[in-house]
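Report on one structure; see the data block that follows.
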Amino acid sequence: MSRRTAAYAVLAALVVAVTVVVGWLTTPGTEGLEGSWETSAVDGEVLGGRALVASDSNVAIDLVTGTRITLGSVTGGTRAIGAGRLLILRDAGGRPTLDGAGLDGGSRWTWQGPPAHRLTLVAADATTTVVQACGGTPVACRLVGVGPSGKESWQTPQPTASGTQAPVIGADGNLPTVGALPTPDGTVVLVDPTSSRVVLRPPAAASVGRDGTLTLSAEDGGQCRRTTFTSLDRSSTSSAPGPCAGGGPPSAQQDSASVDPTRTRVWWWPFGDGRRTLEVGGRHTGRVVGGDPLRALRVDDDGLTVRDGDVVRRYTWQR
1009 MSRRTAAYAV LAALVVAVTV VVGWLTTPGT EGLEGSWETS AVDGEVLGGR ALVASDSNVA
1069 IDLVTGTRIT LGSVTGGTRA IGAGRLLILR DAGGRPTLDG AGLDGGSRWT WQGPPAHRLT
1129 LVAADATTTV VQACGGTPVA CRLVGVGPSG KESWQTPQPT ASGTQAPVIG ADGNLPTVGA
1189 LPTPDGTVVL VDPTSSRVVL RPPAAASVGR DGTLTLSAED GGQCRRTTFT SLDRSSTSSA
1249 PGPCAGGGPP SAQQDSASVD PTRTRVWWWP FGDGRRTLEV GGRHTGRVVG GDPLRALRVD
1309 DDGLTVRDGD VVRRYTWQR
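Heads up: take any position in the sequence shown, counting from 1, add 1008, and you land on this note's numbering.
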């Protein structure tokens, strides 16, 4: 091999090496986030903004911790999330049943409701799940508190003011930490899950936000006044000009962030549609890039949980 041929070979090798290095350095990747955990995904929907629950079985993945729970003995039913628990109402042999399981895998219980009654979930806090049980002739409703081991903690007739009205819960199966029962005249009956204490509030529209916060919205003097409850004794109030659009507030964490699916291209590869990307803006900023379809499952102050193809992955914000 001549010196000139050898020089050309070395030059070509250098060009290839530089191209590879530059390509690697300029390929878009995840930014502003650090990986925390990952687990295999299930096909299903997010309940209560907290858990990904399989469509064909009662398998749930906690979107904060990554813990996976399976209720193999339970099939079907109406599912909800309350205070870190997966709750399932079903009709077991003609008798209504409530199954509960902590998303941390630390608890599992079953409560049998009264026969020939229709059960509806009302609220849940750290210790108690509240159920509305309606039945009899004429139909009457009572409220039942079910403790952490599945034993009844208390029972009381549903307040006359709300009659047999259905409780307010989140559209995505998100249970409030304070029960809310609307009345025909617009007032709202609030129920404390632990103590069964009942409070009547002035007319307002009730809605359920992130992690079970209950908000009452009412217009007052051209302003929208919103009171948000994390418990019956812990609340905060804010006012904003104009009507209460939609009857409820945005979820403080989820809606303060924007998560936009897009494609990211690189200058040295003009072909194809680019790499799948989720751009996060708002209180926190970051970017997730992947080769498989990406879907944001949860955004909060601690991080972002994403489905990346067949994997659920949790990221924390870089401080």
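C-beta: ideal position from N, C-alpha, C; glycine also. Here the structure is a predicted model, which is why all the values come from computation and not from measurement.
CB of residue i within 9 Å of CB of residue j, strictly
i	j	result
G1220	T1185	yes
G1320	G1056	At residue 1320 the sequence reads Val, which differs from the Gly that was named. Not in contact: V1320 and G1056 (Cβ atoms no closer than 9 Å).
S1170	L1189	yes
A1213	T1195	no
Q1166	C1149	yes
S1048	D1318	yes
I1077	G1113	yes
T974	S1044	There is no way to answer for residue 974, as the model of the chain reaches only from 1009 to 1327.
R1093	A1131	no
Closest by C-alpha distance to residue i, when choosing among the options
i	options	result
E1227	T1313, S1246, P1251, L1208	P1251
P1123	R1098, W1117, V1130, R1116	R1098
Q978	A1253, S1239, P1210	No statement about residue 978 is possible, as the shown extent of the chain runs from 1009 to 1327 and does not include it.
L1305	L1041, S1044, E1053	E1053
S1215	S1247, D1180, I1077, G1229	D1180
L1071	W1325, R1327, G1311	G1311
G1290	R1283, R1303, V1267, L1302	V1267
P1156	T1245, D1051, L1095, S1246	L1095
A1100	T1083, A1091, R1087	T1083
Pairwise C-alpha distance: residue j and residue i
i	j	result
V1288	D1308	11 Å
R1242	D1064	38 Å
R1295	A1141	46 Å
G1217	V1061	19 Å
G1280	D1316	Any answer about G1280 is weak, because its pLDDT of 45 lies below 50 and its placement is not dependable; what the coordinates show is given next. One C-alpha to the other measures close to 19 Å.
S1239	R1209	14 Å
V1297	R1058	23 Å
Q1326	A1068	27 Å
L1198	R1126	21 Å
R1128	G1080	Contrary to the premise, residue 1128 reads as Thr rather than Arg in this sequence. Their Cα atoms are separated by approximately 23 Å.
G1229	G1121	45 Å
P1257	N1066	Reliability fails at P1257, whose pLDDT of 47 lies under 50, so the model's placement of it is uncertain and no value is given.
R1322	R1116	25 Å
G1040	H1292	9 Å
Q1262	P1146	The predicted position of Q1262 is uncertain, since its pLDDT is 46 and thus under 50; a value taken from the coordinates is nonetheless stated next. Each residue's Cα considered, the two are about 43 Å apart.
G1158	T1168	27 Å
G1102	D1193	35 Å
D1051	S1246	39 Å
T1118	E1160	11 Å
P1249	G1143	44 Å
S1244	T1191	23 Å
T1313	L1151	35 Å
T1038	D1200	43 Å
E1042	R1087	32 Å
P1104	R1283	49 Å
T1172	G1187	14 Å
> Just checking, does the segment 1136-1155 make contact with the segment 1198-1215 on the three C-beta pairs under 8 Å criterion?
Replying inline: Under the three-pair Cβ rule at 8 Å, the segment 1136-1155 counts as touching the segment 1198-1215.
>> Pairs of beta-carbons, one from the segment 1233-1248 and one from the segment 1210-1225, closer than 8 Å: are there three or more?
In response: Verdict: yes, contact present.
> Is the segment 1108-1127 touching the segment 1169-1184 in the sense that three or more CB pairs, one from each, lie closer than 8 Å?
Replying inline: Taking a contact to require three or more Cβ pairs closer than 8 Å, the segment 1169-1184 and the segment 1108-1127 do not qualify as touching.
> Whole beta strand (DSSP E) runs in the segment 1103-1173 with 3 or more residues, listed along the chain?
Replying inline: Within the segment 1103-1173, the complete beta strand (DSSP E) runs of at least 3 residues are 1103-1110, 1116-1120, 1126-1132, 1137-1143, 1148-1154, 1160-1165.
> Where in the segment 1169-1241 do unbroken runs of the beta strand (DSSP E), each at least 3 residues long, occur, reported from the N-terminal end onward?
Replying inline: Runs found: 1187-1190, 1196-1199, 1206-1209, 1213-1216, 1222-1228, 1231-1239.
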